[in-house]
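Numbering (the working numbering), first residue to last: 37 to 354.
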């Protein structure tokens with residue numbers, strides 16, 4: 037290519053010298069103008085002028101250009117040379133349809149770090165510029181980027197957003213629409229025993245659910261409540277008073293006004309007024325004995341018990 041440019045320059049210089057040397061004030065005719073190889077002459081009335089001969093182009097090939105040989109007058113055809121454009125590209129030759137040189141970028145060599153990629157080339161030095169791979173956002177906003185992992189061959193890695201709550205009785209969950217954590221209280225399950233009711237989650241004992249027995253205390257102190265393990269409902273029954281330690285004391289039931297069992301002595305009153313009843317503290321049964329009348333006063337004698345009273349009669353001896 038450099039020789040081609042040099043030849044053009046020399047031809048231009050020769051043309052100008054010929055034009056000046058052949059110029060003059062004398063009239064000219066086309067036949068009087070001297071012939072020079074690679075130049076076409078014309079007579080302008082007073083002087084001969086010359087124009088360099090243009091070699092015809094080759095059909096469908098603008099990448100082969102002709103140059104007239106001043107020695108032979110013949111056209112010599114040479115291919116267009118495409119010099120390097122810069123240190124970051126290489127020539128792929130001339131385009132025959134346009135006559136222009138074509139170039140393609142030189143690929144940058146891969147980085148030793150699989151998490152770095154080439155972003156450009158310095159056209160002066162030919163050195164490639166590298167930068168760390170920026171991982172794109174995950175399609176699921178609840179997945180956060182852990183960046184590019186070299187040990188995985190330069191792949192981006194993601195992990196779920198941690199929505200663990202500082203409150204052990206609160207459950208966190210990431211919203212797949214917004215990518216933000218949402219918290220809700222722990223819902224304690226029902227106890228396997230329906231008579232155990234939930235007290236909710238207790239954060240002071242590690243976020244565990246607590247339960248306690250259902251209170252079946254009756255408002256009537258003489259009624260006893262108990263939870264039914266099958267239904268979980270309270271069932272009430274009257275207080276059953278225990279047997280007194282003294283078998284002669286019989287129960288008269290629970291007194292709601294005082295909330296206690298009451299007892300009273302066994303009634304051993306005899307239907308026979310002249311018989312005295314008494315409860316046996318060992319057996320709790322009534323035992324009867326006749327009324328014992330006191331000794332009569334002087335001059336009287338005892339008639340025994342009559343209708344519940346002791347009778348006395350005067351003997352008439354006094």
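In this text, a Cβ means the ideal position worked out from N, Cα and C, and glycines have one as well. Nothing here was measured: the structure is a model prediction, and the numbers come from that model.
Worksheet item: My guess is that residue 248 and residue 233 are in contact by the Cβ rule of under 8 Å, so how many angstroms apart are they, rounded?
Response: 6 Å
Practice prompt. For residue 229, I'd like the list of residues in its chain whose CB is within less than 7 Å of its CB, leaving aside the five on either flank, ordered along the chain.
Written response: Excluding sequence neighbours, residue 229 sits near 265.
Worksheet item: Whole-angstrom Cβ separation of residue 263 and residue 245, contact assumed at under 8 Å?
Response: Between residue 245 and residue 263 the Cβ distance is about 19 Å, and since that is not below 8 Å, they are no contact.
Worksheet item: Distance, Cα to Cα, residue 59 vs residue 71?
Response: Because the pLDDT of residue 59 is 40, which lies under 50, any placement of that residue in the model is unreliable, and the question is left without a value.
Worksheet item: What did DSSP end up calling residue 239 once you bin it into helix, strand or coil?
Response: helix
Fill in: Proximity winner among 340, 331, 285, 343, relative to residue 316 (alpha-carbon distances)
Across the set 340, 331, 285, 343, the C-alpha of 285 shows the shortest separation from the C-alpha of residue 316.
Worksheet entry | C-beta atoms of residue 191 and residue 197 nearer than 8 Å | no
Discussion item. Going by beta-carbon coordinates alone, are residue 113 and residue 100 separated by less than 8 Å?
Written reply: Contact: yes.
Worksheet item: How many Å lie between residue 310 and residue 347 at the Cα?
Response: 12 Å
Fill in: Same chain, Cβ closer than 8 Å to residue 297, five either side skipped, listed in chain order
275, 277, 278, 287, 289, 290, 291
Worksheet entry | Contained beta strand (DSSP E) runs [length at least 3] in the segment 173-208, N- to C-terminal order | 179-185, 191-196
Fill in: Distance between residue 110 and residue 88 (C-alpha atoms, nearest Å)
When only Cα atoms are considered, residue 88 and residue 110 end up about 13 Å apart.
Worksheet item: residue 67 by DSSP, collapsed to three states: which one?
Response: helix
Worksheet item: What residues in its chain sit with their C-beta under 6 Å from that of residue 333, if we drop five residues either side in the sequence?
Response: none
Item to complete: Just mark residue 235 as buried or exposed, buried being the case when its beta carbon has 16 or more other beta carbons within 10 Å.
Response: exposed
Worksheet item: Going along the chain, which unbroken runs of the beta strand (DSSP E) with 3 or more residues stay wholly within the segment 250-282?
Response: 259-263, 270-274
Worksheet item: Relative to the alpha-carbon of residue 167, which residue among 155, 85, 76, 130 has its alpha-carbon at the smallest distance?
Response: Residue 155 holds the alpha-carbon nearest to the alpha-carbon of residue 167 among 155, 85, 76, 130.
Fill in: Complete runs of the beta strand (DSSP E) confined to the segment 130-165 [at least 3 residues]
137-141, 152-157
Discussion item. In the DSSP assignment, the beta strand (DSSP E) including residue 298 goes from what residue to what residue?
Written reply: 296-301
Worksheet item: Roughly how many whole angstroms lie between the Cα atoms of residue 349 and residue 331?
Response: If you take the alpha carbons of residue 349 and residue 331, they lie about 12 Å apart.
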